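S.K.: This is the structure, below, for whatever I ask next.
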(Lines of atoms letter the chains of each structure in order from A; the text may use other names.)
(Lines give C-alpha, C1' and ligand atoms only; values in the text may rest on other atoms or scores of the structure.)
Protein backbone atom coordinates (compact mmCIF):
# COMPACT_ATOMS: atom_id res chain seq x y z
CA UNK A 35 0.00 0.00 0.00
CA UNK A 36 2.77 2.42 0.93
CA UNK A 37 4.61 1.71 -2.31
CA UNK A 38 1.58 2.53 -4.47
CA UNK A 39 0.84 5.66 -2.46
CA UNK A 40 4.49 6.73 -2.66
CA UNK A 41 4.58 6.29 -6.44
CA UNK A 42 1.38 8.26 -6.86
CA UNK A 43 2.56 11.12 -4.64
CA UNK A 44 6.03 11.23 -6.18
CA UNK A 45 4.63 11.38 -9.70
CA UNK A 46 2.07 13.98 -8.67
CA UNK A 47 4.62 16.37 -7.15
CA UNK A 48 7.24 15.76 -9.82
CA UNK A 49 4.69 16.49 -12.55
CA UNK A 50 3.47 19.62 -10.74
CA UNK A 51 7.01 20.89 -10.15
CA UNK A 52 8.01 20.37 -13.78
CA UNK A 53 4.81 22.07 -14.91
CA UNK A 54 5.47 25.11 -12.75
CA UNK A 55 9.10 25.29 -13.88
CA UNK A 56 8.07 25.01 -17.53
CA UNK A 57 5.36 27.62 -17.18
CA UNK A 58 7.52 30.07 -15.21
CA UNK A 59 10.48 29.81 -17.58
CA UNK A 60 8.16 30.22 -20.59
CA UNK A 61 6.62 33.33 -19.07
CA UNK A 62 10.01 34.83 -18.22
CA UNK A 63 11.14 34.03 -21.76
CA UNK A 64 8.06 35.70 -23.25
CA UNK A 65 8.58 38.81 -21.12
CA UNK A 66 12.26 39.02 -21.98
CA UNK A 67 11.54 38.90 -25.72
CA UNK A 68 8.90 41.62 -25.48
CA UNK A 69 11.21 44.58 -24.89
CA UNK A 70 11.61 47.43 -27.37
CA UNK A 71 15.41 47.14 -27.52
CA UNK A 72 15.77 43.43 -28.07
CA UNK A 73 14.63 42.17 -24.69
CA UNK A 74 14.65 42.86 -20.98
CA UNK A 75 17.22 40.23 -20.00
CA UNK A 76 20.49 39.12 -21.61
CA UNK A 77 20.48 36.71 -24.53
CA UNK A 78 22.32 34.07 -22.49
CA UNK A 79 19.53 34.09 -19.92
CA UNK A 80 16.87 33.67 -22.61
CA UNK A 81 18.74 30.65 -23.98
CA UNK A 82 18.85 29.10 -20.51
CA UNK A 83 15.14 29.79 -19.95
CA UNK A 84 14.25 28.30 -23.33
CA UNK A 85 16.29 25.19 -22.52
CA UNK A 86 14.68 24.78 -19.08
CA UNK A 87 11.19 25.26 -20.51
CA UNK A 88 11.76 22.76 -23.31
CA UNK A 89 13.41 20.21 -21.02
CA UNK A 90 10.61 20.39 -18.43
CA UNK A 91 7.87 20.06 -21.04
CA UNK A 92 9.75 17.27 -22.79
CA UNK A 93 10.12 15.24 -19.60
CA UNK A 94 6.44 15.64 -18.77
CA UNK A 95 5.27 14.36 -22.13
CA UNK A 96 8.05 11.90 -23.00
CA UNK A 97 7.65 9.92 -19.80
CA UNK A 98 3.87 10.30 -19.77
CA UNK A 99 3.85 11.49 -16.16
CA UNK A 100 0.20 12.47 -16.20
CA UNK A 101 -1.03 9.01 -17.22
CA UNK A 102 1.49 7.26 -14.98
CA UNK A 103 0.30 9.25 -11.97
CA UNK A 104 -3.34 8.52 -12.79
CA UNK A 105 -2.62 4.80 -13.09
CA UNK A 106 -0.75 4.78 -9.77
CA UNK A 107 -3.64 6.51 -7.96
CA UNK A 108 -6.17 4.14 -9.54
CA UNK A 109 -4.10 1.09 -8.54
CA UNK A 110 -3.74 2.47 -5.01
CA UNK A 111 -7.51 2.93 -4.66
CA UNK A 112 -8.13 -0.58 -6.06
CA UNK A 113 -5.69 -2.17 -3.62
CA UNK A 114 -6.90 -0.06 -0.67
CA UNK A 115 -10.44 -1.26 -1.31
CA UNK A 116 -9.26 -4.87 -1.35
CA UNK A 117 -7.26 -4.47 1.86
CA UNK A 118 -10.22 -2.91 3.65
CA UNK A 119 -12.48 -5.76 2.49
CA UNK A 120 -9.89 -8.28 3.68
CA UNK A 121 -9.60 -6.58 7.08
CA UNK A 122 -13.38 -6.78 7.48
CA UNK A 123 -13.40 -10.48 6.45
CA UNK A 124 -15.38 -9.80 3.26
CA UNK A 125 -12.75 -11.48 1.06
CA UNK A 126 -10.13 -14.13 1.71
CA UNK A 127 -6.36 -14.09 1.12
CA UNK A 128 -6.60 -15.60 -2.37
CA UNK A 129 -9.00 -12.83 -3.44
CA UNK A 130 -6.68 -10.21 -1.91
CA UNK A 131 -3.76 -11.60 -3.91
CA UNK A 132 -5.90 -11.57 -7.05
CA UNK A 133 -6.71 -7.91 -6.44
CA UNK A 134 -3.02 -7.17 -5.88
CA UNK A 135 -2.26 -8.69 -9.28
CA UNK A 136 -5.04 -6.56 -10.81
CA UNK A 137 -3.50 -3.46 -9.22
CA UNK A 138 -0.14 -4.36 -10.78
CA UNK A 139 -1.84 -4.64 -14.17
CA UNK A 140 -3.49 -1.24 -13.64
CA UNK A 141 -0.03 0.25 -12.99
CA UNK A 142 1.22 -1.15 -16.29
CA UNK A 143 4.70 -0.77 -17.71
CA UNK A 144 6.68 2.44 -17.83
CA UNK A 145 6.35 4.00 -21.23
CA UNK A 146 8.59 6.40 -23.13
CA UNK A 147 7.08 8.40 -25.95
CA UNK A 148 9.39 9.41 -28.75
CA UNK A 149 8.99 12.61 -30.75
CA UNK A 150 7.55 10.66 -33.68
CA UNK A 151 4.50 9.63 -31.64
CA UNK A 152 5.57 5.99 -31.39
CA UNK A 153 6.84 4.69 -28.13
CA UNK A 154 8.27 1.79 -26.29
CA UNK A 155 7.15 0.30 -23.06
CA UNK A 156 9.27 -1.90 -20.84
CA UNK A 157 9.89 -5.09 -22.74
CA UNK A 158 7.28 -4.29 -25.38
CA UNK A 159 8.59 -2.22 -28.33
CA UNK A 160 5.88 -0.44 -30.29
CA UNK A 161 7.74 1.59 -32.80
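Residue numbers (the numbering used here): 35 to 161.
By construction, the Cβ of each residue, glycine as well, lies at the ideal position given by its N, Cα and C atoms.
Only a predicted model underlies this, so the values are computations on that prediction, with no experimental measurement involved.
1. Using a threshold of 8 Å, state whether the C-beta atoms of residue 131 and residue 45 are closer than that.
2. Three-state secondary structure (DSSP) at residue 62?
3. So the candidates are 37, 48, 120; which of them puts its Cα closest to the Cα of residue 95?
4. By Cβ distance, which residues of its chain are closer than 7 Å to residue 129, with the 5 residues on each side in sequence left out?
5. Between 124, 116, 123, which has its C-alpha nearest residue 137's C-alpha?
6. How should residue 63 be labelled, buried or exposed, when 16 other C-beta atoms within 10 angstroms of its C-beta is the threshold for buried?
M.R.: A quick look at the data gives this:
1. no
2. helix
3. Of the candidates 37, 48, 120, the one whose C-alpha sits nearest the C-alpha of residue 95 is 48.
4. Hits under 7 Å: none found.
5. 116
6. buried
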